[in-house]
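The block underneath contains the structure these notes are about, expressed in structure tokens.
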Amino acid sequence: MATPIAIPIPVNDMGLDETERARALAKRYHSEFVDLKNFKIQHELFKSVPVDMMFRYNFVPLEQAGGRLAIAVSDPSKLMVLDEISGLLGTRLVTRVATLSQITDLLKKTEQSQRVLDEASEGLAFDVLSNEENADENISIEKLTADDDISPIIRLVDTTIFTALERRASDIHLETFDDSLLVKYRIDGVLQQAMAPIAREHHQTILSRIKVMSELDIAERRVPQDGRFRVRYKGRLIDFRVSIMPTVHGENAVLRVLDKESMSEKFTKLSLDVVGFAEKDLTRFRRYIKEPYGMVLVTGPTGSGKTTTLYAALNEIKSEEDKIITIEDPVEYQIRGITQIPVNEKKGLTFARGLRSILRHDPDKILVGEIRDAETAQIAINSALTGHLVFTTVHANNVVDVLGRFLNMGVEPYNFVSALNCILAQRLVRQICEFCVREIHYTDAELVENGLVPDEWRGVVFKEGAGCMECSGTGYRGRSAIHELLELDDEIREMLLNKKPGSEIRKKAKDKGMMFLRDSALDRVREGVTTLKEINKVTFIEAGR
0 MATPIAIPIP
10 VNDMGLDETE
20 RARALAKRYH
30 SEFVDLKNFK
40 IQHELFKSVP
50 VDMMFRYNFV
60 PLEQAGGRLA
70 IAVSDPSKLM
80 VLDEISGLLG
90 TRLVTRVATL
100 SQITDLLKKT
110 EQSQRVLDEA
120 SEGLAFDVLS
130 NEENADENIS
140 IEKLTADDDI
150 SPIIRLVDTT
160 IFTALERRAS
170 DIHLETFDDS
180 LLVKYRIDGV
190 LQQAMAPIAR
200 EHHQTILSRI
210 KVMSELDIAE
220 RRVPQDGRFR
230 VRYKGRLIDF
240 RVSIMPTVHG
250 ENAVLRVLDK
260 ESMSEKFTKL
270 SLDVVGFAEK
280 DLTRFRRYIK
290 EPYGMVLVTG
300 PTGSGKTTTL
310 YAALNEIKSE
320 EDKIITIEDP
330 VEYQIRGITQ
340 IPVNEKKGLT
350 FARGLRSILR
360 HDPDKILVGE
370 IRDAETAQIA
380 INSALTGHLV
390 FTTVHANNVV
400 DVLGRFLNMG
410 VEPYNFVSAL
420 NCILAQRLVR
430 QICEFCVREI
440 HYTDAELVEN
450 GLVPDEWRGV
460 VFKEGAGCME
470 CSGTGYRGRS
480 AIHELLELDD
490 EIREMLLNKK
500 PGSEIRKKAK
510 DKGMMFLRDS
520 ALDRVREGVT
530 TLKEINKVTF
540 IEAGR
């Protein structure tokens, strides 16, 4: 009887998931399996390989060592393909195996958009602009790479916008220098360069394209201009607020991304639980936002999430029984069930004038986007004293500095202190990327340098992000808020009225259990949410904590 021939079962038919199939293939062909999820990109290496070749053969370069190029492929059995890649690149290959979806994601997330930017900026020899361009159009990578008729300038601007949206940027900055134009993205509150500098001669054409999209005056280059435009991206409309400003080297532009549809979805579920409060502060703050009248004041610099916190508070307390009216500059996100008024200073609708009108509409709760002048401050305080609950923001460094800010506006201290329920100071810190998080050890000397007592912190597990494709190599992804909440009891009110020094008020507040911004930030470090380096950027190091 003949011995039966063993027929190998194809790996794809084993009923395994994609990762297990890739591991099985790697084992069969004596190759190393690589998980690209935490892979740190070598940008220079990527630039040395034609992008169309990577997409055609579905591979990514990993590293160059000893005259060989290590690449990741999904199927190492295709030897003819590997020989072809080796011949085209003129180098010997070391083959490693990764899943096809990870290879595709890596190509899409990192290099394709970047390469289109590079190619667009290289082809800027013919500066063609069309005034008939429709700004309300679909932006997609397929469109940007497929349409050969698009002017290089239009392609560059559109791709810059597309890449910004892909990378979760909140702003696009175009900065002009004597020899070049720099494009930067603000991601998680930090500026990152988007591409190589663009030659200075293309600066005015790029700015003109942005002006055309924003319906601004192309001929005017000496005064600031503000405009807006809208694009459709992945089926949703996204607004951009544009600010053009003249500088010594020419005009600069900042494009603020306002993803209203995405934020409206988030804001329907937004609550104070997701803002980042410590449990004790959350309980206290919830008590104050449910008071029948008074003022809830949130303070902090621009971009510290003050408005988001107030929206979260309004979302929690809104009901059919109460009328809530807001006046904001501008109304960035719309909340269902709340009347929202945009400030329009050109037409004479200021915060003060709008607030007077709001009071004639019988509101129960009012949100004033920002107190900028004595008139607005006085009306807001009077509203709080006459039975309304007023939410507002003011620019100050911490809770104790707020009183000085109001006194400078000429507000009567007694009325202000009587109206206040609480003052909340807030900052945002970047969160460690969950895809590349790792443990890190600090020496005692480093702990002391960061204002920490080594004996208290020696057992704490510190974490940081190594940098991966998900966080663009920064080690951070997303942001969380840190807070300090000052409760206005009789004793603190008395100290404020007597104009006691800020240090005395802070000491008294600490004795009463108040947690300062630095304490809140250190808690985030202890929880493994952020890093010491990040909290040192937004809070002062205080010795011996």
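Okay, so the sequence shown: first residue is 0 according to numbering that gives the first Met the number 0, each after it adds one.
All C-beta atoms in this analysis are idealised placements derived from N, C-alpha and C, irrespective of residue type, glycine included.
Since this is a predicted model, take the numbers as computed values, not measurements.
Check whether chain B comes within 8 Å of residue i, counting only Cβ atoms and requiring the distance to be less than that.
i: serine 356; result: Note that chain B does not occur in the displayed structure, where there is just one protein chain.
Please name the residue or residues paired with residue i in a DSSP beta bridge.
i: isoleucine 334; result: In the DSSP output, where bridge partners are listed per residue, isoleucine 334 has none listed.
i: arginine 91; result: Arg67
i: alanine 480; result: Leu427
i: arginine 185; result: Asp170, Leu190
i: lysine 364; result: Ile323, Leu388
i: glutamate 62; result: Ala69
i: isoleucine 340; result: Ile326
i: tyrosine 56; result: In DSSP, tyrosine 56 forms no bridge with anything.
i: glutamate 486; result: Cys421
Could you tell me if residue i is buried or exposed, where buried requires 16 or more neighbouring beta carbons within 10 angstroms of its beta carbon?
i: asparagine 497; result: exposed
i: asparagine 133; result: Confidence is the limiting factor: at asparagine 133 the pLDDT is only 41, short of 50, which leaves the residue's position unreliable, though a coordinate-based value still follows. Exposed: under 16 other Cβ atoms inside 10 Å.
i: glutamate 486; result: buried
i: glutamate 31; result: exposed
i: tyrosine 28; result: exposed
i: asparagine 407; result: exposed
i: valine 452; result: exposed
i: aspartate 372; result: exposed
i: glutamate 320; result: exposed
i: glutamate 78; result: Here residue 78 turns out to be leucine, not glutamate, going by the sequence shown. So leucine 78 ends up on the exposed side.
i: phenylalanine 125; result: Reliability of the predicted coordinates at phenylalanine 125 is poor, the pLDDT of 30 falling under 50, and no value is obtained from them.
i: leucine 494; result: Per the sequence shown, the amino acid found at residue 494 is methionine instead of leucine. Answer is buried; the Cβ neighbour count reaches 16.
i: proline 500; result: exposed
i: glutamine 192; result: exposed
i: glycine 188; result: buried
i: glutamate 17; result: exposed
i: aspartate 280; result: buried
i: aspartate 34; result: exposed
i: asparagine 397; result: buried
i: glutamine 574; result: Nothing can be reported for residue 574: it is not among the residues displayed for the chain, which extend from 0 to 544.
i: lysine 26; result: exposed
i: proline 560; result: Because the chain spans 0 through 544 in this model, residue 560 falls outside it and cannot be assessed.
i: alanine 163; result: buried
i: leucine 87; result: exposed
i: isoleucine 540; result: exposed
i: arginine 286; result: exposed
i: glycine 466; result: buried
i: valine 127; result: Interpretation of valine 127 is limited by its pLDDT of 30, a score under 50 that renders its predicted location unreliable; the figure taken from the coordinates is listed afterwards. When all chains shown are included, valine 127 counts as exposed.
For the beta strand (DSSP E) that contains residue i, what are its first and last residues?
i: methionine 212; result: Run containing methionine 212: none in the beta strand (DSSP E); it sits in the alpha helix (DSSP H), 202–213.
i: isoleucine 357; result: Taken as a continuous stretch (DSSP letters only), isoleucine 357 belongs to no beta strand (DSSP E), being part of the alpha helix (DSSP H) at 350–358.
i: aspartate 238; result: 235–246
i: threonine 192; result: Correcting the residue identity first, residue 192 is glutamine in this sequence and not threonine. Where glutamine 192 is concerned, the enclosing beta strand (DSSP E) stretches over 189–192.
i: tyrosine 28; result: Segment: none, tyrosine 28 is in no beta strand (DSSP E) and carries neither H nor E.
i: phenylalanine 228; result: 224–232
i: methionine 494; result: Per DSSP, methionine 494 belongs to no beta strand (DSSP E); it is in the alpha helix (DSSP H), 489–496.
i: asparagine 251; result: 249–257
i: leucine 296; result: 293–298
i: valine 399; result: Per DSSP, valine 399 belongs to no beta strand (DSSP E) and is neither H nor E.
What residue does the alpha helix (DSSP H) around residue i start on, and which one ends it?
i: arginine 154; result: 151–165
i: tyrosine 413; result: 412–418
i: leucine 388; result: Looking at the DSSP string, leucine 388 is not in any alpha helix (DSSP H); the run it does join, the beta strand (DSSP E), is 388–393.
i: arginine 525; result: 516–525
i: lysine 509; result: 501–510
i: asparagine 314; result: 305–316
i: phenylalanine 284; result: 278–288
i: isoleucine 102; result: 99–105
i: leucine 531; result: 531–537
i: glutamate 43; result: 42–46
Thinking residue i and residue j are a contact (beta carbons under 8 Å), I'd like their distance in whole angstroms, please.
i: alanine 252; j: isoleucine 288; result: In fact, because the Cβ distance is near 38 Å, the residues do not count as touching under 8 Å.
i: arginine 523; j: serine 471; result: Actually they are not in contact, since the Cβ atoms of arginine 523 and serine 471 sit about 22 Å apart, beyond 8 Å.
i: valine 367; j: isoleucine 326; result: 6 Å
i: valine 241; j: aspartate 225; result: 7 Å
i: leucine 384; j: serine 417; result: 7 Å
i: glutamate 463; j: isoleucine 439; result: 5 Å
i: leucine 105; j: methionine 514; result: That belief does not hold up - the Cβ atoms of leucine 105 and methionine 514 are roughly 42 Å apart, past 8 Å.
i: leucine 215; j: isoleucine 197; result: That pair is no contact at about 20 Å.
i: valine 389; j: arginine 404; result: Between arginine 404 and valine 389 the Cβ distance is about 16 Å, and since that is not below 8 Å, they are no contact.
i: histidine 202; j: glycine 249; result: 6 Å
i: isoleucine 378; j: valine 410; result: Actually they are not in contact, since the Cβ atoms of isoleucine 378 and valine 410 sit about 11 Å apart, beyond 8 Å.
i: glycine 386; j: tyrosine 292; result: 5 Å
Cβ-heavy atom distance between residue i and the ligand FAD below 7 Å?
i: isoleucine 160; result: Of ligands this structure carries none, so the ligand FAD is not represented either.
*Enumerated in chain order, which unbroken segments of the beta strand (DSSP E) with a length of 3 residues or greater are wholly contained in the stretch 422–471?*
436–439, 461–464
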